[in-house]
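Quick note: the sequence shown uses my numbering, first residue 16, plus one each step.
Just so it is clear, CB atoms sit at the ideal spot from N, CA and C, and this is done for glycine as well.
Report on one structure; see the data block that follows.
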Amino acid sequence: VQLQASGGGLVRAGGSLRLSCAVSESNNNINAMGWYRQAPGKQRELVSTITNHGRTNYADSVKGRFTISSDSAKNTVYLQMNSLKPEDTADYYCVAWDVRGDLSWGQGTQVTVSS
């Protein structure tokens with residue numbers, strides 16, 4: 016599975032960004048997708064996941080602010096990030112779990128939130 020993430024950038028606190036992740040595999044081969052993030056000096060955090068049935072999950076730190084969604088026709092997953100905070104600054108990585116349970120990673124996209 017190949018993943019191509021995009022949409023990162025610099026935004027002021029309170030602003031919004033939308034990350035996109037294009038998947039090389041059809042939805043039939045993917046069980047779930049998600050986003051991890053890692054800030055400098057901090058542990059990697061699982062931000063959000065979405066299953067191929069549309070079930071979503073969020074880290075407590077982003078609940079109510081971030082929304083994950085998918086467009087199966089485009090084989091793309093999105094992460095809409097609203098009310099961004101400086102502590103959301105991190106490299107964000109798109110991931111996918113295939114039907115065998117193998118986890119694939121995309122390249123990181125940098126999100127910087129200024130105060």
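Supposed contact pair residue j and residue i - C-beta distance, whole angstroms, cut 8 Å
i: residue 104; j: residue 95; result: In fact, because the Cβ distance is near 17 Å, the residues do not count as touching under 8 Å.
Residue i (DSSP reduced to helix, strand or coil)
i: residue 90; result: coil
i: residue 46; result: strand
i: residue 74; result: coil
i: residue 41; result: coil
i: residue 58; result: coil
i: residue 114; result: coil
i: residue 29; result: coil
i: residue 22; result: coil
i: residue 80; result: coil
i: residue 85; result: strand
i: residue 104; result: coil
i: residue 129; result: strand
Beta-bridge pairing of residue i - partner residues as DSSP gives them
i: residue 99; result: Bridge partners of residue 99: none, in fact.
i: residue 122; result: In the DSSP output, where bridge partners are listed per residue, residue 122 has none listed.
N-terminal and C-terminal residue of the beta strand (DSSP E) that residue i is part of
i: residue 37; result: 32-38
i: residue 17; result: Careful: residue 17 lies outside any beta strand (DSSP E) and carries neither H nor E.
Exposed unless 16 or more other CB atoms sit within 10 angstroms - verdict on residue i
i: residue 120; result: exposed
i: residue 114; result: exposed
i: residue 49; result: buried
i: residue 47; result: buried
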